[in-house]
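The sequence shown begins at 1 in UniProt numbering and counts up by one. The C-beta atom is built at its ideal place from N, Cα and C for all residues, glycine as well. In what follows, a single structure is set out as structure tokens and then discussed.
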Amino acid sequence: MSNTETKKEEIETYDETESTRPSYGSLWDTDHYKQLIEDGPEAAFKQNLESAPGNKRVLFIGVGEGKHAGEFSDLHPSSDITGIELSHNRLKNTKEKYGRALTLARADGEDLPFDADSFDIVVAHAVLHHLPNWNTDGLDEIERVLAEGGRFVFYEPGRFNPPAVFRRRYIPSEIHTPGEKPFNPKELLSVLEQKFSTVEMEGHCLISHTLPVIDNYTPFSIPYRVTKRIYSAERILFDRIDSRLAWIFTGYAEV
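Below, the structure is given as structure tokens:
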């Protein structure tokens, strides 16, 4: 399948499922799971975004439903925030919800319609793994539109997490698309280090993200405090030994 066909299929998938698409998949749409994500990888992602040295001009690639861009706008009302999206229906819904706070346009993340040095921050939340040429066109375009000292903030799934591998292989998904490809973290880090002067990346969740499912669908009750402790232990393990088996990777890269 060509890159053009892959993108067309991605657009059609998102357009068709926009109104019925669960946030995390039906098995995972529980308060227990959502709290883990918010307290864990989402918190790290937001910290990387908030700690960026400049925030006047911000681009959200694959702005989606506008949640992260909208939250950032609420915190930084003086910032000039732009969001791009390829899905027609997603863009329409986001314009209706955030059109007054954000500048929104339909555009391709591998062919950004902006001049060089246009942004202080570029954000891609679970977007790169949808781009056929993420390691060339995708990151080259991000580097091009970032101003000197600018920061690229990312959040991406890993390829080798055992529960995620099992899920992708055996459990039908309402949220994954045919063209997406979770990352080999070593490759992602290597490519980022070739293109940016500073790169920080960390892994999240080895098995902790499965505990909310066990808690919700089996007789075994797992309090959230147990899930959070296991998540914290995983962070230490990833930091001291190896994060290759992590489910989610967050980080930033600076020009």
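Item	Value
Going by DSSP, which residues form a beta bridge with Ile96?	Checking the sequence shown, residue 96 turns out to be Glu, not Ile. Per DSSP, none; premise fails for Glu96.
Considering only residues of the same chain and omitting the five flanking positions on each side of Pro163, which have a CB-CB separation below 8 angstroms?	Ile207, His209, Thr210 and Trp247
What is the rounded straight-line gap between the Cα of Asn135 and the Cα of Lys181?	12 angstroms
Could you give the uninterrupted runs of the alpha helix (DSSP H) lying entirely in the stretch 3-63, keeping only those of 4 residues or more?	3-17, 31-39 and 41-50
Check for me: the alpha helix (DSSP H) holding Gly70 runs from which residue to which?	Lys67 to Leu75
If Ala147 and Phe119 are in contact, beta carbons under 8 angstroms, what's the gap, nearest whole angstrom?	7 angstroms
For Pro157, does the three-state DSSP call read helix, strand or coil?	strand
Could you tell me the distance, in whole angstroms, from the CA atom of Glu234 to the CA atom of Lys228?	10 angstroms
Report yes if the CB atom of Arg253 is closer than 9 angstroms to the CB atom of Lys195, and no otherwise.	First, the residue type needs correcting, since residue 253 is Ala and not Arg in the sequence shown. A contact, by the Cβ cut-off of 9 angstroms.
Return the first residue and the last residue of the alpha helix (DSSP H) that Thr227 is part of.	Tyr224 to Arg240
Does the count of Cβ pairs from the stretch 100-108 and the stretch 148-167 closer than 8 angstroms reach three?	no
Whole alpha helix (DSSP H) runs in the stretch 119-165 with 4 or more residues, listed along the chain?	139-145
Buried or exposed: which applies to Leu75, given that a residue is buried once 16 or more other Cβ atoms fall within 10 Å of its Cβ?	exposed
Quick check: the Cα distance between Asp239 and Ile230, rounded to an integer number of angstroms?	14 angstroms
If you draw a straight line from the alpha carbon of Pro41 to that of Phe154, how long is it in whole angstroms?	11 angstroms
Can you name, in chain order, every residue of its own chain whose Cβ lies under 7 angstroms from the Cβ of Asn48, other than the five neighbours on each side?	Val153, Thr250, Gly251 and Tyr252
Cβ of Glu96 within 9 angstroms of Cβ of His129?	no
Give me the Cα-Cα distance between Glu202 and Arg159, rounded to the nearest whole angstrom.	14 angstroms
When the Cα atoms are used, what is the spatial distance from Leu237 to Pro185?	16 angstroms
Which residue marks the beginning of the beta strand (DSSP E) containing Asp80, and which one marks its end?	Asp80 to Glu85
So the candidates are Val122, Lys7 and Glu16; which of them puts its Cα closest to the Cα of Ile175?	Glu16
Would you mind giving the Cβ-Cβ distance between Gly62 and Ala124, rounded to the nearest angstrom? I have them listed as a contact below 8 angstroms.	6 angstroms
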